[in-house]
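Single-structure report; data block below.
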Amino acid sequence: MPPANTLRVCAAQPSLASDLASAVIDHARIVRNVDADLVVFPELSLTGYVLDAHPVDLNGPDVLADLVDACTSTGAVALVGAPVREEGRDHIATLRIDPAGVTIAYRKRHLGADEEPRFRPGPGPGLIDVHGWRVGLGICKDTGVEQHVAAMAALDLDLYACGVVHHRTEIDEQMRRATHIARRCRSYVVMASHAGPTGHGYGDTAGNSVVVDPTGTCVIRAGDAPGTTVTASLGSRSDAP
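What follows is the structure in C-alpha coordinates.
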(Lines of atoms letter the chains of each structure in order from A and count residues from 1; the text may use other names and numbers.)
(Lines give C-alpha, C1' and ligand atoms only; values in the text may rest on other atoms or scores of the structure.)
Protein backbone atom coordinates (compact mmCIF):
# COMPACT_ATOMS: atom_id res chain seq x y z
CA MET A 1 0.00 0.00 0.00
CA PRO A 2 1.46 3.41 -0.90
CA PRO A 3 1.70 5.79 2.05
CA ALA A 4 -0.91 8.43 2.62
CA ASN A 5 0.23 11.86 1.49
CA THR A 6 0.25 13.07 5.08
CA LEU A 7 0.17 11.43 8.47
CA ARG A 8 -0.96 13.38 11.51
CA VAL A 9 1.00 12.20 14.55
CA CYS A 10 0.80 12.93 18.25
CA ALA A 11 3.28 12.40 21.08
CA ALA A 12 1.43 12.20 24.38
CA GLN A 13 2.55 12.82 27.97
CA PRO A 14 -0.25 11.33 30.10
CA SER A 15 -0.45 12.04 33.80
CA LEU A 16 0.36 9.16 36.13
CA ALA A 17 -2.89 7.36 36.93
CA SER A 18 -3.77 5.68 40.22
CA ASP A 19 -4.71 2.38 38.57
CA LEU A 20 -4.97 0.67 35.19
CA ALA A 21 -8.65 1.49 34.66
CA SER A 22 -7.98 5.20 35.22
CA ALA A 23 -4.98 5.08 32.87
CA VAL A 24 -7.06 3.52 30.12
CA ILE A 25 -9.71 6.23 30.50
CA ASP A 26 -7.05 8.95 30.29
CA HIS A 27 -5.34 7.38 27.26
CA ALA A 28 -8.72 7.06 25.52
CA ARG A 29 -9.53 10.70 26.27
CA ILE A 30 -6.26 11.78 24.69
CA VAL A 31 -6.90 9.69 21.56
CA ARG A 32 -10.36 11.22 21.18
CA ASN A 33 -9.13 14.80 21.64
CA VAL A 34 -5.95 15.09 19.58
CA ASP A 35 -7.20 14.55 16.01
CA ALA A 36 -4.32 12.30 14.94
CA ASP A 37 -3.80 9.23 12.78
CA LEU A 38 -1.12 7.88 15.13
CA VAL A 39 -0.85 8.58 18.87
CA VAL A 40 2.38 7.52 20.59
CA PHE A 41 2.60 7.10 24.38
CA PRO A 42 5.67 6.69 26.66
CA GLU A 43 7.28 3.47 27.85
CA LEU A 44 4.99 1.54 30.23
CA SER A 45 2.47 4.35 29.90
CA LEU A 46 -0.50 2.31 31.15
CA THR A 47 1.14 1.37 34.46
CA GLY A 48 3.77 4.07 34.82
CA TYR A 49 7.42 3.03 34.99
CA VAL A 50 6.65 0.61 37.82
CA LEU A 51 8.78 -2.48 37.36
CA ASP A 52 6.69 -4.73 39.60
CA ALA A 53 3.33 -3.76 38.07
CA HIS A 54 1.04 -6.62 37.12
CA PRO A 55 1.12 -7.52 33.43
CA VAL A 56 -1.79 -6.20 31.41
CA ASP A 57 -3.97 -9.23 30.69
CA LEU A 58 -4.72 -9.23 26.97
CA ASN A 59 -6.71 -12.46 27.13
CA GLY A 60 -8.93 -11.75 30.12
CA PRO A 61 -11.66 -9.15 30.71
CA ASP A 62 -11.37 -6.43 28.09
CA VAL A 63 -9.82 -3.71 30.24
CA LEU A 64 -8.68 -1.88 27.10
CA ALA A 65 -12.16 -1.66 25.55
CA ASP A 66 -12.42 2.11 26.02
CA LEU A 67 -9.15 2.60 24.15
CA VAL A 68 -10.34 0.38 21.30
CA ASP A 69 -13.58 2.38 21.19
CA ALA A 70 -11.61 5.64 21.06
CA CYS A 71 -9.54 4.36 18.13
CA THR A 72 -12.68 3.11 16.39
CA SER A 73 -14.45 6.45 16.70
CA THR A 74 -11.43 8.45 15.48
CA GLY A 75 -9.81 5.98 13.07
CA ALA A 76 -6.54 6.39 15.00
CA VAL A 77 -3.81 3.91 15.84
CA ALA A 78 -2.51 4.21 19.42
CA LEU A 79 0.87 2.84 20.49
CA VAL A 80 0.78 2.37 24.27
CA GLY A 81 3.33 0.99 26.71
CA ALA A 82 2.54 -1.93 29.00
CA PRO A 83 4.07 -4.95 30.74
CA VAL A 84 2.80 -8.17 29.15
CA ARG A 85 3.20 -11.89 29.86
CA GLU A 86 3.61 -14.52 27.15
CA GLU A 87 4.31 -18.18 27.83
CA GLY A 88 5.31 -17.33 31.38
CA ARG A 89 7.77 -14.60 30.36
CA ASP A 90 7.30 -10.91 31.00
CA HIS A 91 8.14 -8.25 28.43
CA ILE A 92 8.09 -4.47 28.26
CA ALA A 93 5.88 -4.01 25.23
CA THR A 94 4.33 -1.58 22.83
CA LEU A 95 0.68 -2.42 22.21
CA ARG A 96 -0.97 -1.44 18.97
CA ILE A 97 -4.58 -0.44 19.56
CA ASP A 98 -6.79 0.29 16.57
CA PRO A 99 -10.36 -0.40 15.42
CA ALA A 100 -9.46 -4.09 14.94
CA GLY A 101 -8.49 -4.48 18.62
CA VAL A 102 -5.26 -4.96 20.55
CA THR A 103 -2.03 -6.63 19.43
CA ILE A 104 1.52 -6.70 20.75
CA ALA A 105 3.44 -4.66 18.19
CA TYR A 106 6.90 -4.78 19.79
CA ARG A 107 8.77 -6.17 22.78
CA LYS A 108 11.72 -4.15 24.11
CA ARG A 109 14.98 -5.69 22.94
CA HIS A 110 17.59 -3.83 25.00
CA LEU A 111 16.77 -3.86 28.71
CA GLY A 112 18.11 -1.66 31.48
CA ALA A 113 19.94 -3.25 34.41
CA ASP A 114 16.95 -2.78 36.73
CA GLU A 115 14.63 -4.37 34.18
CA GLU A 116 16.65 -7.54 33.54
CA PRO A 117 15.69 -9.44 36.73
CA ARG A 118 12.02 -9.53 35.69
CA PHE A 119 11.74 -8.93 31.97
CA ARG A 120 13.01 -10.83 28.94
CA PRO A 121 14.32 -9.14 25.79
CA GLY A 122 12.19 -9.19 22.66
CA PRO A 123 13.28 -10.81 19.39
CA GLY A 124 14.42 -7.73 17.51
CA PRO A 125 13.27 -4.93 15.19
CA GLY A 126 9.59 -4.03 15.08
CA LEU A 127 7.87 -2.71 11.95
CA ILE A 128 4.18 -1.93 11.45
CA ASP A 129 2.07 -0.32 8.77
CA VAL A 130 0.01 2.77 9.59
CA HIS A 131 -1.98 4.06 6.62
CA GLY A 132 0.74 2.82 4.28
CA TRP A 133 3.57 4.40 6.30
CA ARG A 134 6.39 2.08 7.34
CA VAL A 135 6.71 2.69 11.08
CA GLY A 136 9.65 1.28 13.05
CA LEU A 137 9.31 0.78 16.79
CA GLY A 138 11.62 1.11 19.78
CA ILE A 139 11.40 1.53 23.54
CA CYS A 140 13.71 3.74 25.62
CA LYS A 141 17.15 2.07 25.92
CA ASP A 142 16.77 0.74 22.37
CA THR A 143 17.09 4.31 21.12
CA GLY A 144 20.65 4.60 22.46
CA VAL A 145 21.93 1.26 21.09
CA GLU A 146 23.62 1.61 17.71
CA GLN A 147 22.85 -1.99 16.77
CA HIS A 148 19.15 -1.24 17.11
CA VAL A 149 19.40 2.04 15.18
CA ALA A 150 21.33 0.33 12.36
CA ALA A 151 18.68 -2.40 12.14
CA MET A 152 15.99 0.26 11.92
CA ALA A 153 17.88 2.13 9.19
CA ALA A 154 18.00 -1.05 7.11
CA LEU A 155 14.19 -1.24 7.08
CA ASP A 156 13.73 1.91 4.94
CA LEU A 157 11.37 3.56 7.42
CA ASP A 158 9.03 6.46 6.85
CA LEU A 159 8.72 7.04 10.60
CA TYR A 160 10.30 5.78 13.82
CA ALA A 161 8.01 5.82 16.88
CA CYS A 162 9.20 5.22 20.42
CA GLY A 163 8.12 5.59 24.02
CA VAL A 164 10.77 6.54 26.59
CA VAL A 165 11.34 7.58 30.19
CA HIS A 166 14.24 9.85 31.11
CA HIS A 167 15.23 11.97 34.08
CA ARG A 168 14.97 15.74 33.66
CA THR A 169 18.78 15.87 33.61
CA GLU A 170 18.73 13.71 30.46
CA ILE A 171 16.74 16.05 28.19
CA ASP A 172 19.77 16.82 26.02
CA GLU A 173 20.56 13.11 25.60
CA GLN A 174 16.92 12.42 24.75
CA MET A 175 17.01 15.02 21.99
CA ARG A 176 20.38 13.78 20.75
CA ARG A 177 18.95 10.29 20.30
CA ALA A 178 15.87 11.54 18.43
CA THR A 179 18.05 13.60 16.10
CA HIS A 180 20.53 10.78 15.51
CA ILE A 181 17.82 8.25 14.68
CA ALA A 182 16.13 10.66 12.26
CA ARG A 183 19.37 11.29 10.36
CA ARG A 184 20.54 7.68 10.48
CA CYS A 185 17.20 6.28 9.29
CA ARG A 186 16.39 9.25 7.04
CA SER A 187 12.92 9.21 8.56
CA TYR A 188 10.67 11.18 10.84
CA VAL A 189 10.85 10.39 14.56
CA VAL A 190 8.06 10.62 17.13
CA MET A 191 9.38 10.24 20.69
CA ALA A 192 6.87 10.23 23.55
CA SER A 193 8.48 10.82 26.94
CA HIS A 194 7.03 10.60 30.45
CA ALA A 195 6.36 13.91 32.18
CA GLY A 196 5.91 14.27 35.91
CA PRO A 197 6.49 11.46 38.43
CA THR A 198 6.16 7.92 37.08
CA GLY A 199 7.76 5.48 39.53
CA HIS A 200 10.98 3.55 40.22
CA GLY A 201 13.04 6.62 41.06
CA TYR A 202 11.66 8.75 38.24
CA GLY A 203 10.14 11.49 40.33
CA ASP A 204 11.24 14.29 38.00
CA THR A 205 11.07 13.12 34.41
CA ALA A 206 12.12 14.85 31.21
CA GLY A 207 8.88 15.34 29.29
CA ASN A 208 9.83 17.30 26.17
CA SER A 209 8.27 14.76 23.82
CA VAL A 210 9.30 15.59 20.28
CA VAL A 211 8.67 15.15 16.56
CA VAL A 212 11.79 15.38 14.39
CA ASP A 213 12.04 15.46 10.59
CA PRO A 214 14.44 13.31 8.51
CA THR A 215 17.14 16.01 8.61
CA GLY A 216 17.14 15.95 12.40
CA THR A 217 15.29 19.26 12.70
CA CYS A 218 12.74 19.59 15.47
CA VAL A 219 9.21 19.92 14.07
CA ILE A 220 7.48 20.38 17.43
CA ARG A 221 8.43 19.77 21.03
CA ALA A 222 6.43 19.60 24.25
CA GLY A 223 7.31 21.14 27.56
CA ASP A 224 7.71 19.20 30.80
CA ALA A 225 4.11 19.25 32.05
CA PRO A 226 2.20 15.98 32.44
CA GLY A 227 -1.12 15.73 30.64
CA THR A 228 0.08 17.55 27.53
CA THR A 229 0.43 16.51 23.89
CA VAL A 230 2.09 17.75 20.71
CA THR A 231 0.82 17.04 17.20
CA ALA A 232 2.20 17.51 13.70
CA SER A 233 1.11 16.74 10.14
CA LEU A 234 3.93 14.95 8.32
CA GLY A 235 4.42 14.88 4.57
CA SER A 236 6.37 12.17 2.77
CA ARG A 237 10.09 11.95 3.43
CA SER A 238 10.75 13.49 0.01
CA ASP A 239 8.81 16.57 1.11
CA ALA A 240 10.99 17.12 4.19
CA PRO A 241 13.51 19.99 4.02
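Just so you know, my numbering puts 32 at position 31 of the sequence shown, and the rest follows in order with no gaps. Ideal Cβ positions, reconstructed from N, Cα and C, are used throughout, including at glycine.
Leaving aside the five residues before and after Gly217 along the sequence, list all residues of the same chain whose C-beta is less than 7 Å from its C-beta, in chain order.
Thr180, Ala183, Arg184
So what does DSSP say about Leu68, is it helix, strand or coil?
helix
Return the residue from the list Lys109, Trp134, Arg119 that minimises the CA-CA distance to Gly127.
Lys109
Taking 8 Å as the threshold (C-beta atoms), are Leu160 and Trp134 in contact?
yes
Please report the residue range of the alpha helix (DSSP H) in which Leu21 lies.
21-35
Is Ala223 helix, strand or coil when you go by DSSP?
coil
List, from N- to C-terminal side, the beta strand (DSSP E) runs of 3 residues or more that fit wholly inside the region 35-123.
39-41, 78-87, 90-99, 102-108
If we ignore side chains and look at the alpha-carbon of each, how far apart do Ala247 and Asp225 end up?
Only positions 2 to 242 of the chain appear in this structure, which leaves residue 247 out of reach.
Does the separation of the CB atoms of Thr230 and Tyr50 fall below 8 Å?
no
Integer Cβ distance of Gly137 from Leu156, believed to fall under 8 Å
6 Å
Expected contact under 8 Å - CB spacing of Val85 and Leu59 to nearest Å
7 Å
Tell me, to the nearest whole angstrom, how far the beta carbon of Ile26 is from that of Asp67; I am working on the premise that it is less than 8 Å.
6 Å
Taking Cβ positions, are Val131 and Leu45 nearer each other than 8 Å?
no
Do you know how far the Cα of Val10 is from the Cα of Leu235?
7 Å
Can you tell me the Cβ-Cβ gap for His168 and Ala207, rounded? I've got them flagged as a contact below 8 Å.
6 Å
Report the partner residues of His168 according to the DSSP bridge assignment.
Thr206
Buried versus exposed call for Ser19 [16 or more other C-beta atoms within 10 Å across all chains shown]:
exposed
Grab me the residues of Val150's own chain with a C-beta within less than 8 Å of its C-beta, minus the 5 sequence neighbours each way, in chain order.
Thr144, His181, Ile182, Arg185, Cys186
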